[in-house]
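Visitor:
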Amino acid sequence: MNLITLASRNVFRHRHRTVVTTLAMAFACAMMIVFAALMDGFAIGSEHNVVSMNTGDIQIHLPGYRNEPDIYSLIDNADQLVEQFREEEFYASKRLFAFGLMASDRGSSGVQLRGVDLVYEPMVTEIDQHIMTGDWLNTLDQHGVVIGKKLSKLLDVSLGDELIFVGQTADGYMANDSFKVKGILKSVSPTIDNAGVFMSNIMLSELIALPKGAHELVLMRVDRTGDLTLKTAELKTSLGSGLEVMNWQQLMPIINRFLETAHIQTVIMMIFTYIAVAAVVLNAMLMSVFERVREFGIMKAIGVKPKQLVLLIYTEIFIQTLLAGFLAVFAGSSLSWYFQENGLDMSSLAEEISFAGIAFDPVWYAALTINSILIPVLFLFVIAAIAVIYPAAKVAIIKPIDAIHHQ
Amino acid sequence: MNKIVELRGLDKHYQQGELQVKAVDNVSLTIEKRDFAALCGPSGSGKTSILNLIGGLDSATSGKVLLEGIDLSALSNGELAEVRKNRVGFVFQSYNLIPVMTAYENAAFVLELQDIKPAMIRARVMKALADVGLAGMEERRPDQMSGGQQQRVAIARAIVTSPAIVLADEPTANVDSKTAELLLDLMEKLNREQGVTFLFSTHDQHVIDRAKRIIHILDGQVESDEQKI
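Note that the protein sequences, when read in sequence, are chains A and B. Under the working numbering, the first sequence has 414 at position 360, and the numbering climbs by one with no breaks. Under the working numbering, the second sequence has 700 at position 217, and the numbering climbs by one with no breaks.
Right under this line is the structure:
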């Protein structure tokens, strides 16, 4: 009789215990698959929110602009640079910013005007698709603006309502104009939600009398699989010290750190969950071993070697873990797939979720990846293998004579 | 070589609290090929301990056990397992068989451990089971057999490897007297017809009556050693 047949028969000798142990292992593993998929989804969603909603892969400013956003800190050769970047491996767009006061019939608030290139901005971000109500900007409607979600509430405006902007032009005069609310964004980041007003950069350059240049250049790699850090360093070298080149990881260090450690959080969660699983496995295997001590004694007496018994014990737990793994992959993947398609609606807990300056969709989507399935299953095998070290060692070291006369 | 087992000044002492128990006390004896011998004596006299030492299941405090000239005290656990697998057959009182295996599989198991070819295993196991009167019951599991049938499977497993000696520890202790007689008939036949060497430990008078050689053990020592004619 081969080892696997013998181990299988031993596993199913006590069906109830095997079923309970296997289900406990499968349940924990399935939950870990779902948790890992949700964490992966959170990580992917976070990066998406950061990169695709605002920062792009890389941003270029004049040194110091990010700390003190001075209207005069312009990249003069912005047009030439974006053309150059587009010829390399980037989508590139330029932005202008201005600050001032926006008023409606029912309120007023300080705002940040964000002048974006209506042709190229959709290539570097997906902000144009992040509209809650209304439409994104278009060239035919120069006085149409898209505003942040909270700002619309602060100003108490809806689609089509008029807004009056008052600010300062680059040449020291008063800048003022009226606009119409064309669209209201979903939650993006606290800054944009509370104060963001998007308009075409042509409109904004006229409004603040800055006919040339840009405050910010946004780049998105055409092929996003390469090393971003390396690409950033190459750009830095080629542009010299006159411009500040930073990738999204440098621009949003807290989010980056969080995403870098997300898998560690998953592993920590897995360790704690699997400790409970290990206790169940250890208990079941100890019961299984102790009730068979006499049988192991007989086997040793007829010539079975300790290492063969250890192999038998490990084959038994391997079979159970394999069964649990199959069940877990099926259940965990199904549930994760459901959350990937439909999301986990957290809006009953919080209407808006933001972290480190980035707003998150209250519907949390999972991302079912190979890693989110494989890592929990591999961990299950490792934990099961660790849990049976003691019972297997017990079987290996017991003397046949003691085992045969075990009561 | 006719000496299968040779014990030389064998001692086995156990520590029970502060008391040292001499389970085997300076025992010297030999078991010859084709012996059908019984170690007999009251409970606790040391007969099972001697059997365990001969089978390499336990180690002696002092003295030597030579099995076919091999000094068991010089062997490692792994080497002892090899000796048990290849040269010794065991029949225990009860709980003898592996419950998840059929009669055939139980008997075949030890041959599989010896890496014998499947065709050869089949031939030898079928013959062994036929020899013990279990032809046609190969696929039965232990829980589908009587105590006597289970002991027959154990005997088949013990003889299927053609060991130097079969050590049987109280083989009739857990069966009724009729079954005990049948088991003794069987072992006697195997000894007579196939030359299998048997050494029993027993205090069952039926076994003692049937044995050809009776070794009386008392307080761990050989009190007498009688060969019946």
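C-beta: ideal position from N, C-alpha, C; glycine also.
#1: Does the separation of the CB atoms of P214(A) and G250(A) fall below 8 Å?
#2: Would you mind giving the Cβ-Cβ distance between G357(A) and R567(B), rounded to the nearest angstrom? I have them listed as a contact below 8 Å.
#3: What residue range is occupied by the uninterrupted beta strand (DSSP E) comprising H115(A)?
#4: Report the residue ranges of all alpha helix (DSSP H) runs contained in full by the segment 608 to 664 of chain B; include only those spanning at least 4 residues, in chain order.
#5: Quick check: the segment 222 to 235 of chain A against the segment 133 to 144 of chain A, are there 3 or more CB pairs under 8 Å?
#6: Relative to the alpha-carbon of I604(B), which residue among M620(B), V571(B), A639(B) has its alpha-carbon at the smallest distance?
#7: Determine the closest residue to I58(A) out of A421(A), E370(A), L135(A), L432(A), with distance taken between C-alpha atoms.
#8: Would S707(B) and H689(B) be called neighbours here (beta carbons separated by less than 8 Å)?
#9: Is it buried or exposed, S426(A), if we count other Cβ atoms within 10 angstroms and call 16 or more buried?
#10: When the distance is taken between beta carbons, is V449(A) closer than 8 Å to V364(A)?
#11: Alpha carbon to alpha carbon, how far is L493(B) from Q503(B)? Give it in angstroms, no decimals.
#12: Taking its Cβ as the centre, do 16 or more other Cβ atoms sit within 10 Å of A268(A), making it buried, or is it exposed?
#13: Quick check: the Cα distance between P445(A) and V343(A), rounded to an integer number of angstroms?
#14: Which runs of the alpha helix (DSSP H) at least 4 residues long sit entirely within the segment 419 to 451 of chain A? Give them in chain order.
#15: Please confirm if K448(A) has its CB atom under 8 Å from at least one CB of chain B.
#16: Going by C-alpha to C-alpha distance, which of A330(A), M274(A), D277(A), I443(A) sits closest to L340(A)?
#17: Considering just the uninterrupted stretch of the beta strand (DSSP E) at H496(B), what are its terminal residues?
#18: Interface residues of chain B around P454(A) at Cβ under 7 Å?
#19: In chain order, what residues of the segment 566 to 577 of chain B put their CB closer than 8 Å to some CB of chain A?
#20: May I ask you to report which of helix, strand or coil DSSP gives L403(A)?
#21: So who's on the other strand from F326(A), going by DSSP bridges?
#22: Per DSSP, what kind of secondary structure is H699(B) in: helix, strand or coil?
#23: With G169(A) as the anchor, note down where its beta strand (DSSP E) starts and where it stops.
#24: Can you give, in chain order, each stretch of the beta strand (DSSP E) that sits fully within the segment 202 to 254 of chain A and has at least 3 residues?
#25: Could you give the residue range of the alpha helix (DSSP H) that holds T75(A)?
#26: Per DSSP, K547(B) is paired with what?
#27: Could you run through the segment 316 to 338 of chain A and flag, in chain order, every residue whose CB is less than 7 Å away from some CB of chain B?
#28: Can you tell me whether D133(A) is helix, strand or coil according to DSSP?
#29: Note down, in chain order, each residue of its chain lying with its Cβ closer than 7 Å to the Cβ of A618(B), except the 5 sequence neighbours on either side.
#30: Please name the residue or residues paired with G154(A) in a DSSP beta bridge.
#31: By the criterion of Cβ-Cβ separation under 7 Å, what are the contact partners of V658(B) in chain A?
#32: Between the Cα of V383(A) and the Cα atoms of A82(A), E270(A), D247(A), which residue gives the shortest distance?
#33: Please confirm whether N255(A) and D159(A) have their CB atoms less than 8 Å apart.
#34: DSSP three-state label for Q597(B), please.
#35: Indicate the three-state DSSP secondary structure (helix, strand or coil) for Y145(A) in the structure shown.
#36: Can the beta-carbon of G524(B) be found less than 8 Å from the beta-carbon of F573(B)?
Guide: Concretely, from the data shown:
#1: Residue mapping note: residue 214(A) aligns to position 160 of the first sequence, counting from 1. Residue mapping note: residue 250(A) aligns to position 196 of the first sequence, counting from 1. The sequence as given places Gly at residue 214(A); Pro does not occur at that position. Not in contact: G214(A) and G250(A) (Cβ atoms no closer than 8 Å).
#2: Locating residue 357(A) in the first sequence gives position 303, counting from the first residue. Locating residue 567(B) in the second sequence gives position 84, counting from the first residue. Yes, they are in contact, since the Cβ atoms of G357(A) and R567(B) sit about 5 Å apart, within 8 Å.
#3: The residue given as residue 115(A) occupies position 61 in the first sequence. H115(A) -> beta strand (DSSP E) spans 112 to 115.
#4: 630 to 642
#5: no
#6: Looking up residue 604(B) in the second sequence gives position 121. Looking at the Cα atoms, A639(B) is the closest of the given residues.
#7: Working through the first sequence from its first residue, we reach residue 58(A) at position 4. The residue with the shortest Cα to Cα distance from I58(A) is E370(A).
#8: In the second sequence, residue 707(B) corresponds to position 224, counting from 1. In the second sequence, residue 689(B) corresponds to position 206, counting from 1. Against a cut-off of 8 Å, the Cβ pair of H689(B) and S707(B) comes out as no contact.
#9: Your numbering for residue 426(A) matches position 372 in the first sequence. The residue is buried, with at least 16 neighbouring Cβ atoms inside 10 Å.
#10: Numbered from its first residue, the first sequence carries residue 364(A) at position 310. Numbered from its first residue, the first sequence carries residue 449(A) at position 395. Their beta carbons are under 8 Å apart, which means V364(A) touches V449(A) by this criterion.
#11: Sequence index remark: in the second sequence, residue 503(B) carries index 20 (1-based). Sequence index remark: in the second sequence, residue 493(B) carries index 10 (1-based). If you take the alpha carbons of Q503(B) and L493(B), they lie about 16 Å apart.
#12: Taking the first residue of the first sequence as position 1, residue 268(A) is located at position 214. Looking at its Cβ environment, which holds 16 or more other Cβ atoms inside 10 Å, A268(A) is buried.
#13: Against the first sequence, residue 445(A) aligns to sequence position 391. Against the first sequence, residue 343(A) aligns to sequence position 289. Near 6 Å, if we compare the C-alpha coordinates of V343(A) and P445(A).
#14: 424 to 441, 443 to 451
#15: In the first sequence, residue 448(A) corresponds to position 394, counting from 1. Judged by the 8 Å Cβ criterion, K448(A) is not in contact with chain B.
#16: Residue numbering aside, residue 340(A) sits at position 286 when the first sequence is read from its first letter. Out of A330(A), M274(A), D277(A), I443(A), I443(A) has the C-alpha closest to the C-alpha of L340(A).
#17: Residue numbering aside, residue 496(B) sits at position 13 when the second sequence is read from its first letter. Looking at the DSSP string, the run of the beta strand (DSSP E) that includes H496(B) is 486 to 499.
#18: Residue mapping note: residue 454(A) aligns to position 400 of the first sequence, counting from 1. By Cβ distance, chain B contributes L540.
#19: R567, K568, N569, F573, F575
#20: The sequence position of residue 403(A) within the first sequence is 349, counting from 1. In this structure, L403(A) counts as coil in the three-state DSSP scheme.
#21: Here residue 326(A) refers to the residue found at position 272 when the first sequence is read from its first residue. Its beta-bridge partners do not exist; DSSP assigns none.
#22: Translated into positions along the second sequence, residue 699(B) becomes position 216. It is a strand residue.
#23: Numbered from its first residue, the first sequence carries residue 169(A) at position 115. Unbroken beta strand (DSSP E) run through G169(A): 162 to 170.
#24: 216 to 222, 228 to 239, 250 to 254
#25: Your numbering for residue 75(A) matches position 21 in the first sequence. Note, T75(A): alpha helix (DSSP H), 69 to 101.
#26: What you label residue 547(B) is simply residue 64 of the second sequence in a count that begins at 1. Looking at the DSSP assignment, K547(B) forms a beta bridge with R491(B).
#27: none
#28: Counted from its first residue, the first sequence places residue 133(A) at position 79. Residue state, collapsed to three classes: helix.
#29: The sequence position of residue 618(B) within the second sequence is 135, counting from 1. Within the same chain, A618(B) has close Cβ partners L612.
#30: By 1-based counting over the first sequence, the position of residue 154(A) is 100. In DSSP, G154(A) forms a bridge with V165(A), G221(A).
#31: If you number the second sequence from 1, residue 658(B) lands on position 175. Result: empty, since nearest Cβ-Cβ is about 18 Å, beyond 7 Å.
#32: Here residue 383(A) refers to the residue found at position 329 when the first sequence is read from its first residue. The residue with the shortest Cα to Cα distance from V383(A) is A82(A).
#33: Within the first sequence, numbered from 1, the residue matching residue 255(A) stands at position 201. Within the first sequence, numbered from 1, the residue matching residue 159(A) stands at position 105. Contact flag unset, no.
#34: Within the second sequence, the letter at position 114 stands for residue 597(B). If DSSP states are grouped into helix, strand and coil, Q597(B) belongs with coil.
#35: If you number the first sequence from 1, residue 145(A) lands on position 91. If DSSP states are grouped into helix, strand and coil, Y145(A) belongs with the strands.
#36: Residue numbering aside, residue 524(B) sits at position 41 when the second sequence is read from its first letter. Residue numbering aside, residue 573(B) sits at position 90 when the second sequence is read from its first letter. Cβ distance not < 8 Å, so G524(B) and F573(B) don't count as in contact.
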